[in-house]
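Take a look at the structure set out below.
Here's what the structure looks like:
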């Protein structure tokens, strides 16, 4: 199973389209956005994949009602500060900011913890796998990235960072 993950897209529609194409080719069955989508139109390429999309509100997201309505059409969720999901027996926690995410380092209640906000790639392998996919927009670092998390039959995960 594959999970497509991105964060901090900041309305960079071209990069979201690039991530969407990578997720499609990888047969991702779930998409996670860790906040700072900004405007709802930025989500459309992800929603066109017809898989659940789960997202949290970042500190730059404004149109919360429309974001929620768009994501709900894919059987996903958009929450203001955190999102807790069980998908194919994988327990996932999603945050925008890193504080709580990093506190879950030794928490056996989750298999995957995702966060964004810092625009910096972060991977802590183990149980749970903690991941920041970096920034898909490329504004701060000059590098646009997303991630694919692969899950085997024993729920062992591996994360791959991909340039967009």
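Numbering (this note's numbering), first residue to last: 5 to 168. Note that CB positions come from ideal geometry on N, CA and C, so glycine has one too.
Restricting attention to 64, 156, 124 and 157, the CA atom closest to the CA of residue 146 is found in 124.
Judged by DSSP secondary structure, residue 6 falls within the beta strand (DSSP E) whose first and last residues are 6-10. The beta carbons of residue 92 and residue 5 sit closer together than 8 Å.
Taking the Cα positions, residue 14 is about 9 Å away from residue 39. Excluding its 5 nearest sequence neighbours in each direction, residue 20 has C-beta neighbours in its own chain below 7 Å: 13, 46, 49, 50 and 140, listed in chain order. Per DSSP, reduced to three states, the secondary structure at residue 28 is helical. For the 8 Å CB-CB criterion, residue 108 and residue 118 do not form a contact. With contacts defined as CB atoms closer than 8 Å, residue 41 and residue 65 qualify as a contacting pair.
In the DSSP annotation of this structure, the continuous segment of the beta strand (DSSP E) that includes residue 162 starts and ends at 161-167. Residue pairing for residue 125: DSSP places it in a beta bridge opposite 137. When Cβ pairs closer than 8 Å are counted between the two stretches, the stretch 69-79 is seen not to touch the stretch 95-102, the count staying below three. Looking at the backbone, the Cα of residue 61 and that of residue 157 are separated by about 31 Å. Residue range 34-37 is occupied by the beta strand (DSSP E) that includes residue 35.
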